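J.: Okay, handing you the structure first.
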Amino acid sequence: MGKAKGESKGLAYLKKVRPEAIAHLLKFFRESGQHLEPRTRFLISIVTKVINLSPRGLQQYVRRALEEGATPDEIIDAVLCSYPCAGLTKVVDAIDVILDMNLPGFETLEEGAGSGAPPVDEPGGEWRELATREELGEDGRLEVNVEGRSLAVFHIDGEIFVIDGHCPHRSGPLIRGQVEGKTVVCPLHHWQFELQTGACQNNPGARVGTYEVRIEDDGRILARF
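Okay, structure coming up:
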């Protein structure tokens with residue numbers, strides 16, 4: 002019996018030398034959470050991985066939870082729920098593991114987002130040219146990359162909005178999202194963001210960056226960051 006991709010050597014060995022016992026254990030594990038939706042089951046698994054401090058297992062279930070629609074705030078809450086059994090050291094170590102994964106959304110949390118307050122954009126900054134009104138075209142939207150920063154520009158009801166180009170969940174391209182009023186819906190998992198504030202309507206712990214906009218007399222669109 003060969004080792005499956007991503008499978009530990011220990012599990013592969015036990016499958017070979019104790020196939021019946023391992024088969025029963027794995028069957029029990031798979032069926033024990035059958036009445037839980039996947040997102041909830043994976044969040045619970047995060048708690049257990051923090052208690053046992055299994056970095057590889059923690060990484061695995063963080064990714065799975067995110068794929069099932071969990072927010073970065075929910076991931077952090079799951080880690081904190083392990084505190085009574087795990088203790089502070091393991092909780093902090095688990096956060097280190099998650100931050101080292103460089104997942105979208107967690108860098109925002111690290112800087113203090115998720116508090117429910119309006120997004121605090123970078124103070125000051127320089128005005129940078131993004132495009133012209135003509136370049137927005139009939140669609141009223143344009144994706145630009147300025148100094149390594151991906152941005153989405155929207156023209157709606159006479160107003161210009163500039164936000165981060167990718168969803169903090171799974172990096173979905175917001176420029177391809179459906180615009181509903183003054184919100185945009187991520188095309189991947191349908192997270193809905195307010196274009197003015199960046200707040201996520203269906204996942205309050207998430208948000209995208211928004212930028213101050215200035216329109217020059219000649220039609221040039223500038224944003225400050």
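Numbering follows this note's numbering, with no gaps: position 60 of the sequence shown is 61. All C-beta atoms in this analysis are idealised placements derived from N, C-alpha and C, irrespective of residue type, glycine included. Treat the numbers as computed from the prediction; the structure is a model and nothing was measured.
1) Could you check what DSSP says for Q202 in three-state terms: helix, strand or coil?
2) Please report the distance separating the alpha-carbon of R164 from that of L12.
3) Could you check if E75 is buried or exposed, using at least 16 other CB atoms within 10 Å of its CB as the buried criterion?
4) Starting from V186, follow the beta strand (DSSP E) in both directions and report where the run begins and ends.
5) What residues match up with V83 in a beta bridge as DSSP calls it?
6) So for D219, helix, strand or coil by DSSP?
7) Note the first and the last residue of the continuous alpha helix (DSSP H) segment covering L44.
8) Would you tell me roughly how many angstroms separate the C-alpha atoms of D94 and L223, rounded to the nearest one?
9) Which residue marks the beginning of the beta strand (DSSP E) containing C60, and which one marks its end?
10) Where does V214 fall in DSSP's three states?
11) For T90, does the count of other Cβ atoms within 10 angstroms reach 16, so buried, or fall short, so exposed?
12) Let me know if F29 comes out buried or exposed under the rule of 16 or more other beta-carbons within 10 Å of its beta-carbon.
13) If we ignore side chains and look at the alpha-carbon of each, how far apart do G115 and Y14 end up?
14) Measure the CB-CB distance between G166 and I157 and report whether it falls below 8 Å.
15) Determine the burial state of N203: buried for a count of at least 16 other Cβ atoms within 10 Å of its Cβ, exposed for fewer.
16) Would you mind reading off the limits of the beta strand (DSSP E) that contains T181?
17) P73: which of F107, R64, Q193 sits nearest, CA to CA?
18) Distance check for V98 and C168, CA to CA, integer angstroms please.
19) So, under 8 Å CB-CB, F226 and G126 are touching, yes? Tell me the CB distance rounded to an integer number of Å.
20) Is it buried or exposed for C86, if we count other Cβ within 10 angstroms and need 16 for buried?
21) Alpha carbon to alpha carbon, how far is P20 from L27? Give it in angstroms, no decimals.
22) To which residues of the same chain is Y62 closer than 7 Å at the C-beta, ignoring the five residues directly before and after it?
T.: Concretely, from the data shown:
1) Reduced to three states, the DSSP call for Q202 is coil.
2) Note that residue 164 is Ile in the sequence shown here, rather than Arg. Straight-line Cα distance between these residues: approximately 45 Å.
3) buried
4) In the DSSP assignment, V186 falls within the beta strand (DSSP E) that extends over 184 to 186.
5) Note that residue 83 corresponds to Ser in the displayed sequence, not to Val. Beta-bridge pairing links S83 to no other residue.
6) coil
7) 39 to 52
8) 42 Å
9) Contrary to the premise, residue 60 reads as Gln rather than Cys in this sequence. From DSSP, Q60 is part of no beta strand (DSSP E) but of the alpha helix (DSSP H) over 56 to 68.
10) strand
11) exposed
12) exposed
13) In this predicted model, G115 has a pLDDT of only 40, less than 50, meaning its place in the structure is not dependable enough to derive any value.
14) no
15) exposed
16) Thr is not the amino acid found at residue 181; the sequence shown has Glu there. It spans 179 to 181 - the beta strand (DSSP E) in which E181 sits, taken as one unbroken run.
17) In terms of Cα proximity to P73, the closest of F107, R64, Q193 is F107.
18) 22 Å
19) 5 Å
20) With a 10 Å radius around the Cβ and a threshold of 16 neighbouring Cβ atoms, C86 comes out exposed.
21) 10 Å
22) F43, S46, I47, K50
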